[in-house]
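Chains as they are written, first to last, in our numbering: chain P, 1249 to 1336; chain G, 1249 to 1336; chain X, 6 to 262; chain B, 8 to 764. Note that the Cβ used here is the ideal one computed from N, Cα and C, for glycine as well.
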Amino acid sequence: MRFEIEIRVTPREGIVDPEGQTIGQALGNLGYSGVHHVKAGRLVRFELDADDADEAKSSVDRMCEELIANPVIERYEVQIASPETASP
Amino acid sequence: MRFEIEIRVTPREGIVDPEGQTIGQALGNLGYSGVHHVKAGRLVRFELDADDADEAKSSVDRMCEELIANPVIERYEVQIASPETASP
Amino acid sequence: MKIGIVRFPGSNCDQDCYRAVDEGIGAEAVYLWHKSHDLEGCHAILLPGGFSYGDHLRAGAIARFSPIMREVIAFARDGGPVLGICNGFQILCEAGLLPGALVRNDSLRFRSHPVRVRVERTDTPFTSKYDDGDVLRMPIAHGEGQYVADQRVIDALEGERRVIFRYVDELGQPAEEANPNGSVRNIAGICDEGRRVVGLMPHPERVVSKLLGTDGLGVFHSLIEFLQATGGTAKQVAEAGDGPGTEAAEAAEASTP
Amino acid sequence: MSGPATRAPVIAITPELVADHGLSTDEYEQILEILGREPTFPELGVFSAMWSEHCGYKNSRPHLQTLPTEGPLVVQGPGENAGVIDAGDGWGVAFKIESHNHPSAVEPYQGAATGSGGILRDVFTMGARPIAILDSLHFGSLDSPRSRYLLDGVVRGVGDYGNCVGVPTVGGEAIFDPSYERNPIINVMCVGILRLDDLMRGKAEGVGNAVMAVGAKTGRDGIHGATFASVELDEGSDSRPQVQVGDPFTEKLLLEASLELIGRDLLVGIQDMGAAGLTSSGTEMAARSGSGIDIDVALVPVREPGMTPYEILLSESQERMLLVAKPGCETSVAEVLSKWDLEAAVVGRVTDDGFFRVRDGGQVVVEIPVQPLVNECPTYTREGVEDPEVRGLRELDIGEYSGPISDQEAADALLTLLDSPSLASCRWIYEQYDTTVGTNTVVGPGSDATVLRLADSGRGIAASLDCNGRYVYLQPRRGAKIAMAEAARNVACSGARPVAITNCLNFGNPLKPGTYYHFAEAVAGLGEGCRVLSTPVTGGNVSFYNETPDGAVYPTPVIGMIGLLEHLDRVVPSCFRTPGSAVLLVGETRDELGASEYLAACHGVVGGAPPQIDLEEARRLVDFLVEAADKRLVLSAHDCAEGGLAVALAECSLGGPDGPLAVEAQLETEAPAAAALFGESQSRVVLSCDPAKVEEVVALATEHGLPVAVIGSVGAPDGRFRLAAAGAQIDLDLDRIHDVYRSALPRRMEKQAGLTT
Ligand SMILES: Nc1ncnc2c1ncn2[C@@H]1O[C@H](COP(=O)(O)OP(=O)(O)O)[C@@H](O)[C@H]1O
Ligand SMILES: [Mg+2]
C-alpha cells in the first residue's frame, strides 16, 4: 500500500527561532496586528510503500530521528494518510 | 477570538525542488526503500486574533501572498483552527 | 605526518585546507573522497567548509552518513585529532562528535567578514602554538553559524573549559557587537571531552600566507607539533610499532602546554 | 527535399502563431526560403529562439562588429562561451558578463541566482576554474518598497549561489536611480583562470562522436526565456513559466566534473545549455565546427512526463550542459560524471551534413541547415534620432548651482552624498557574499578594483565593473567613453595594467529611435575607448527591451575591465594606510557639475553635460599609475568619480582596514566651490605617499603630462575630516561621516525583512 506522509519539523521549545521571530516582526511592519507566537519550521512530504499504517509510522519515525529532524534542536510531527483516507 | 494558524508552503508543480530530491536520495542511501516524490517545503505557525474564521482566513491569505509565500514559485495551504476546534 | 582532507561533493574550502597544510606548513596533505571507506593511514583529519551535499535539510545533516564519515567517527573515537571548519563544524555536531548545533544566523543573512576570536585554551592539538588569550583575525563566511545547545550542555562546556574560541571585540572582550551570528556566549569554536575533536566557524585556512594574513597558521603548526609528539592515535602508534609508544605519546601529550 | 514527418496533432503554422513567436513576415519568408517548405511547429520554435534579439543580436550586430576585438594578449575573442586572454607563463584568464534583468524583475532571488549560474558555466566550459564573481546592480530608489524587495532578493540570490559553489563574489557596483524602478539591471561577471593548454571550446566535431546531455533533468521551466528577454515587461505578462530555479549544488558538481573531463582530455567540446537550451547549444556547437548534429529528444532525461519535442528543445532548465566526447572516451566520460553523481545521457551524434536534425523516437521533427539558422539571423540597421527631451536636459543651464557655497552648505552636501545609496558604503551588500573562499582575493570589495592572485605565478588579475547610466543618457558617446576610462582607471589604481574588456549593453527598446541613437552612440564611444586604451573586447552581452510602460532605463553599457599586475606584492590599496602620508591630486579640476550626483542628490536636478573626457589623457593617467605602483612610489590610489573630490577623499579616509583616518586637505583651483568639491571632472586620482617620495611622484606625473598637486596630509591629530577649496571649507567629525557612510544602506534595508529562502 502507498501512504502519503507529511512531516513537520519545528524548533524545540527554548531553542531560538530567528526566522519565526523575523516573520512576526515583518507581519507587524506590514500592518498585520494580533499575530502572536510565530514559529517557522520545515515540511517534508513524500509517498511511502508499506504493508500497513503501523509499519509506515515506525519507518517514518526512524527516518525522522536518523535524518530529517535534529533532536538537539528540533521536534517533529508525522501525519500519515492512506490514499483512501486522504482528504482530496 | 484567537485562532491557530498553520501555513504550509511548497514548490509549485513543475518547479525544481533540489532539496526534496536530495532528501529522497539520502533516504535511499540510508536504506529506506519505497520512498517516492519527496517534496520539501516550509511551515509557519502562529496565533491570530480575529473576529471570526472568515476574517482570519482572508487576513492569512493576504499575509501569504504578500510575505510568506512567493507566488511565482510556491503554493501555500492554510489551516485554521479556533482553540475549541483545535485538536489537542 | 599525513593530514587527510575530506572532500564532499559540495566542499569548497577543501583546496584552501590542502594549501594551508601543503604550502602553509609544508606537511603532507591528501584528499579523502566522501565515498571512500579508507582514511589511508592519515594521522589527522580536516573537515573543510562548503556545502557538503548542498546543505539541504540542515547543514551537515546528510554528510554525516557518508561512508568516509563512518571512518572519521571511528578515528575520532580512537582519539584521533579531527578539526571541523565551518561546514566541518556543522558536520561534527550533526554526527554527535561535538555537542549542540549550528542554526541560522540571528540576522537571517549570510555573514562574511573578518572577525576577532580569542583563544580560550591552548592544550588542544590545534591551539598549542598560541598563547591563552591571543586574539586572532580570521574571516567568517556562513549562513548557519549560530551555536546553540541546551543550558546543561552550555554549563558543561564552560565548566570543562571546552570553549576553544570566542568572538571578541578590539579590546579582546566577548561583547555583543562582536558576535556575528548570535552564538550563545559568543562561542566560535569548541572541543569534545577528550579535546581531540575541535570545531570552529571562522576560517583559519584562509589566513596562512603573508599576502592574506598569517593568524591561522598556528592551528596547523599546532597540529604538526602534536602529531610529532604523540605519533598519532594510540592505535596508529601501536600499529606502526616504531615512533613513540602509547605511554610516551600520552606523556608527551600531557606535557603539551 | 521533403520535410520531416510530423506526428499528430499537427499544429498549423498560422500568421498569428508566427507573430506570437516574435518573427516578422519578412523573417518568416526567409525561413521558408531556407527550408524550402513550411516549418514544423518545433522548427518554428527553434527559429524563434535563435532569431530572437537575445541569441541573434538582430539589432545590435552591425554596431558590435565595429568594436576592436584583437590584441596581442587576446587568445579568444567574442563568439565563444567566454573570452580568454594570455596572462603569461602559460596561464590564461577567461571572463564574461551576462545580464539577468527580466528574470530578476519578476523573481529577484532566483533571477539573480540563475544569472550567476549561467555565467559561471560560460567560464568553466572554457576549461577555466572560476575564481571570482562581480556584480553590477542598478535599482530604483530605495525609498520604494519594491526596490528594497528587489535589492534584498538579488543580493541573496547572487550571494547564495556563489557562496555555495565556492566562488567568491568580490566586487561590482550598486547604483540607485528612479529610471531602474521597475526594470532593475542585474549584470554578473565571472573571472576564471586556466592553463592555456587546457583551453576548451564549444565545438561539435568528428562525425559519429557522442553528444551528451549532462546535469539536471529537463523540465518545463523557462521555455522561451530567450524570447522573454527580448520583449518589454508589461503589466499583463504572466511571466511565471519563464522563472527558473537554480541549484548551486548541482552547479558545483558540474563545475568539478567539467574541469576533470577537460583536464583528462576526454572532450571535443562543451557548452552550457543556457538561453534557448538544447537548441542554441546544439546548433552553435555545430555551427562553430561546420558540422551537423543529430539529436533524439526521446533520449533527453526529463523531469516531467509528456514533454513535447518543442518543450524539450526550448526548455531553459538550469544546470545543464551539452558535451561532445572524444571517440572512444564515452565510458571514461560516464565514469567521471558518475563519480560526481551527475546524470548523463547520450542524446545524439555529430554528423557531417550540416543539419540540425531532431528526432522524437523514430520520427524526424526538426531538420534545419545549421549555418543559416545560426549565422544568418536577419539584422537591422535603424535610424537613431536623439530625443529632443534628452538634448533639452543636456543643454539645461546649471550655472546657478555652480556659484559659491557656504561652509555649512558644503558640509551638508557631503553628508547628503555619503548617505546617497549609490555612493555610500556597499558593505551591507558584500558582507552577504563570501569574498575570501578560494584564498585568491588579495583586494576584495571596497576598493576601486578587485585584485586576485593568479595561482602561484606571483602575478595578479585586477577587475572592475563600471557604468554611470546618467552620463550615457545625457550624452551617450561621451558617457560610454567615461565608463571605459573609469574602468581602466579603477584597475590602474591598483597598479594593474588594463588589458581587455567584456561588456553588457543594457538598453531599452531598440525600435524606438531615441533608444537606438543611444545605443549606436554608446557603442561608438566604447569602440573609441577600447582603441585608445588598448583594451579590446573579448565578449559581452546585449540586453534590449529594458523598459516598462513608464519608460526605458538609463542606457547602461556596463564595462567589465580586466587588468594584469606583474608583481602582486606591489598592489596598491585605494584607501589611506598611514598617518603622516602626503595626499596628492592628479588631474585637472574644472568647472564641471553637469550630470553629477551632487546635482541629483542635493538639488534634484538631472541635467547638464557630463564632464569632458580626453581618452589620451586617460591613457597617460593609466601609464602613470602602473609605473608609480611598479616603482612602489605610492601608498594608496583612489579614483575620483561620482561625488567628486570631497567624496573620493572621504572614501580614502573611511575605507581602510583599521578604521577611519583623519585628513586635512586644501585644493587650489579656478573652479567655483561646488564644482571644486563635488564636480566630477574625469581622469583624476587621489594618491597618498610617503612625504619623502612626493618629489618623485610629482616628477613622474609631470613626465606623463599630468597636472598634479600636493593637497594635504593624512592623520590630523584631532580626528577630523577637513577639505577646503575655492573659499568653502568642510570640517566634519570623522566618526560622524563614517556613521553616515556606513549606515546608508542598512538603515534603509533593515526595514525590509527578508524571508524568501
Ligand atoms: N554589487 C556589488 N557587489 C560587490 N561589491 C560591490 C557592489 N557594489 C559595489 N561594490 C564595491 O563597493 C565599492 C564601491 O563601489 P563604487 O561606488 O562603484 O566604486 P567606484 O569608486 O569604483 O566607482 C567597490 O569596491 C565595489 O567593488
Ligand atoms: Mg564605479
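Item to check | Simplified DSSP assignment, three categories, for Ala253(X) | outcome: Residue mapping note: residue 253(X) aligns to position 248 of the third sequence, counting from 1. Confidence at Ala253(X) is low in this model, with a pLDDT of 43, below 50, so its placement is unreliable and the value that follows should be read with caution. Looking at Ala253(X) - three-state DSSP - the assignment turns out to be helix.
Next on the checklist: Please report the straight-line C-alpha distance between Leu518(B) and Phe256(B), rounded to a whole angstrom.
Outcome noted: Here residue 518(B) refers to the residue found at position 511 of the fourth sequence. Here residue 256(B) refers to the residue found at position 249 of the fourth sequence. Cα to Cα, Leu518(B) sits roughly 40 Å from Phe256(B).
Next on the checklist: For Leu661(B) and Leu461(B), what's the separation of their Cα atoms in angstroms?
Outcome noted: Counting from 1 along the fourth sequence, the entry for residue 661(B) is found at position 654. Counting from 1 along the fourth sequence, the entry for residue 461(B) is found at position 454. Going by the C-alpha atoms only, they are around 29 Å apart.
Next on the checklist: Is there a Cβ of chain G sitting closer than 8 Å to that of Glu114(B), yes or no?
Outcome noted: Locating residue 114(B) in the fourth sequence gives position 107, counting from the first residue. True, the Cβ-Cβ gap to chain G drops below 8 Å.
Next on the checklist: Closer than 8 Å between beta carbons: that is the criterion. Which residues of the segment 1315 to 1330 of chain G meet it against chain B?
Outcome noted: Leu1315, Ile1316, Asn1318, Val1320 and Ile1321
Item to check | Neighbour list for Phe256(B) in chain G, Cβ cutoff strictly below 9 Å | outcome: As a working note, residue 256(B) is residue 249 in the fourth sequence. The answer, in chain order, is Pro1266 and Thr1270.
Next on the checklist: Taking 8 Å as the threshold (beta carbon to beta carbon), is Glu99(X) in contact with chain P?
Outcome noted: In the third sequence, the residue the question calls residue 99(X) occupies position 94. Closer than 8 Å: yes.
Next on the checklist: Using only the alpha-carbon positions, how far apart do Arg167(X) and Gly84(X) sit?
Outcome noted: The residue given as residue 167(X) occupies position 162 in the third sequence. The residue given as residue 84(X) occupies position 79 in the third sequence. Between Arg167(X) and Gly84(X), the C-alpha separation is close to 16 Å.
Item to check | When Ile195(X), Asp155(X), Asp128(X) and Glu165(X) are compared against Arg171(X), the one with the closest alpha-carbon | outcome: On the third sequence, position 166 is the one that residue 171(X) refers to. It is Ile195(X).
Item to check | Distance between Pro14(X) and Asp60(X) (C-alpha atoms, nearest Å) | outcome: As a working note, residue 60(X) is residue 55 in the third sequence. As a working note, residue 14(X) is residue 9 in the third sequence. Near 11 Å, if we compare the C-alpha coordinates of Pro14(X) and Asp60(X).
Checklist entry - When Cβ atoms are compared, which residues of the segment 190 to 218 of chain X fall closer than 9 Å to chain P? => result Taking 9 Å as the upper bound on Cβ-Cβ separation, chain P lies near no residue of the segment 190 to 218 of chain X.
Item to check | Cα-Cα separation, Gly1272(P) to Asp419(B) | outcome: Residue mapping note: residue 1272(P) aligns to position 24 of the first sequence, counting from 1. Residue mapping note: residue 419(B) aligns to position 412 of the fourth sequence, counting from 1. Roughly 38 Å between the two C-alpha positions.
Next on the checklist: So that I know if they touch, is there some Cβ in chain X lying closer than 8 Å to that of Thr315(B)?
Outcome noted: Here residue 315(B) refers to the residue found at position 308 when the fourth sequence is read from its first residue. For Thr315(B), the answer is no, since every Cβ of chain X falls outside 8 Å of its Cβ.
Checklist entry - Does the Cβ of Val17(B) have 16 or more other Cβ atoms within 10 Å, making it buried, or fewer, making it exposed? => result By one-based count along the fourth sequence, residue 17(B) stands at place 10. Only exposed fits Val17(B), as fewer than 16 other CB atoms lie within 10 angstroms of its CB.
Item to check | Straight-line Cα distance separating Arg202(B) from Glu77(B) | outcome: Here residue 77(B) refers to the residue found at position 70 of the fourth sequence. Here residue 202(B) refers to the residue found at position 195 of the fourth sequence. As the crow flies, the alpha-carbon of Glu77(B) is around 21 Å from that of Arg202(B).
Next on the checklist: Can you pull the chain X neighbours of Ile1263(P), defined as C-beta to C-beta under 7 Å?
Outcome noted: Along the first sequence, one-based indexing puts residue 1263(P) at 15. Near Ile1263(P) (Cβ distances below 7 Å), the residues of chain X are Val153.
Checklist entry - Between Ser123(B), Pro185(B) and Leu141(B), which lies nearest to Pro152(B) when the distance is taken from Cα to Cα? => result Working through the fourth sequence from its first residue, we reach residue 152(B) at position 145. Answer by Cα proximity: Pro185(B).
Checklist entry - The alpha helix (DSSP H) with Trp435(B) in it runs from where to where? => result By one-based count along the fourth sequence, residue 435(B) stands at place 428. Unbroken alpha helix (DSSP H) run through Trp435(B): Arg434 to Tyr437.
Item to check | Spatial distance of Asn184(X) from Asn191(X) (CA atoms) | outcome: Walking along the third sequence from the start, residue 184(X) turns up at place 179. Walking along the third sequence from the start, residue 191(X) turns up at place 186. Whole-angstrom Cα-Cα distance: 6 Å.
Checklist entry - What does a CB cutoff of less than 8 Å around Thr442(B) pick up in its chain, not counting 5 residues either side in sequence? => result Here residue 442(B) refers to the residue found at position 435 when the fourth sequence is read from its first residue. Excluding positions up to five away in sequence, the list reads Pro175, Thr176, Val177, Thr448, Gly451 and Pro452.
Checklist entry - Name the chain G residues that come within less than 8 Å of Arg227(B), Cβ to Cβ? => result Sequence index remark: in the fourth sequence, residue 227(B) carries index 220 (1-based). Simply Gly1262.
Item to check | Contact set between Tyr58(X) and chain G, taken where Cβ atoms lie within less than 9 Å | outcome: Here residue 58(X) corresponds to residue number 53 of the third sequence, with the count starting at 1. Simply Thr1270, Gln1273 and Ala1274.
Checklist entry - When burial is assigned at 16 or more other CB atoms within 10 Å of the CB, is Ala638(B) buried or exposed? => result As a working note, residue 638(B) is residue 631 in the fourth sequence. Checking the displayed sequence, the identity of residue 638(B) turns out to be Lys instead of Ala. Its Cβ having fewer than 16 others within 10 Å, Lys638(B) is exposed.
Item to check | Member of Gln251(B), Pro316(B), Gly125(B) and Val275(B) whose CA lies at the smallest distance from the CA of Glu258(B) | outcome: The sequence position of residue 258(B) within the fourth sequence is 251, counting from 1. With distances taken between Cα atoms, Glu258(B) lies closest to Gly125(B).
Next on the checklist: Are the CB atoms of Met568(B) and Ala636(B) within a distance shorter than 8 Å?
Outcome noted: In the fourth sequence, the residue the question calls residue 636(B) occupies position 629. In the fourth sequence, the residue the question calls residue 568(B) occupies position 561. Judged by their CB atoms, Ala636(B) and Met568(B) are not nearer to each other than the 8 Å cut-off.
Checklist entry - Which one or two residues does DSSP pair with Arg1250(G) in a beta bridge? => result Taking the second sequence and counting its residues from 1, one reaches residue 1250(G) at position 2. Looking at the DSSP output, Arg1250(G) sits in a beta bridge with Asp1297(G).
Checklist entry - Excluding five sequence neighbours on each side, which residues of the same chain lie with their C-beta closer than 6 Å to the C-beta of Leu51(X)? => result Taking the first residue of the third sequence as 1, we reach residue 51(X) at position 46. Answer for Leu51(X): Ile10, Cys22 and Leu88, listed in chain order.
Checklist entry - What first and last residue would you give for the alpha helix (DSSP H) that runs through Arg157(X)? => result Within the third sequence, numbered from 1, the residue matching residue 157(X) stands at position 152. Element bounds for Arg157(X): Gln156 to Gly164.
Next on the checklist: Please state the DSSP three-state secondary structure of Ser123(B).
Outcome noted: Within the fourth sequence, residue 123(B) is the residue found at index 116, counting from 1. It is helical.
Item to check | Whole runs of the beta strand (DSSP E) within the segment 172 to 207 of chain B, excluding any shorter than 3 residues | outcome: Complete beta strand (DSSP E) runs here, min 3: 176 to 183 and 192 to 202.
Checklist entry - Going along chain X, which residues have a C-beta under 9 Å from Leu1296(G)? => result Reading the second sequence from its first residue, position 48 is the one you call residue 1296(G). Close partners of Leu1296(G) in chain X (Cβ separation under 9 Å) are lacking, with about 22 Å as the shortest Cβ gap.
Item to check | Assigned secondary structure, Asn516(B) (DSSP; H/G/I helix, E/B strand, else coil) | outcome: Along the fourth sequence, read from residue 1 onward, the residue named residue 516(B) stands at position 509. If DSSP states are grouped into helix, strand and coil, Asn516(B) belongs with coil.
Item to check | Euclidean distance between Cα positions of Asp245(B) and Val113(B) | outcome: Numbered from its first residue, the fourth sequence carries residue 245(B) at position 238. Numbered from its first residue, the fourth sequence carries residue 113(B) at position 106. Since pLDDT at Asp245(B) reaches only 43, below the 50 mark, its modelled position is unreliable, and no value is offered.
Next on the checklist: For Val1292(G), which residues in the same chain have their Cβ closer than 6 Å to its Cβ, ignoring the five residues on either side in sequence?
Outcome noted: As a working mapping, residue 1292(G) is identified with position 44 in the second sequence. Exclusion of the five residues before and after Val1292(G) leaves Ile1255 and Ile1316 as the residues of its chain whose Cβ lies within less than 6 Å of its Cβ.
Checklist entry - Closer than 8 Å, CB to CB, is Glu318(B) near chain G or not? => result On the fourth sequence, position 311 is the one that residue 318(B) refers to. No, no contact with chain G.
Item to check | Proximity to Glu599(B) [Cα-Cα], best of Arg743(B), Thr555(B) and Leu684(B) | outcome: The count along the fourth sequence starts at 1 and reaches residue 599(B) at position 592. With distances taken between Cα atoms, Glu599(B) lies closest to Leu684(B).
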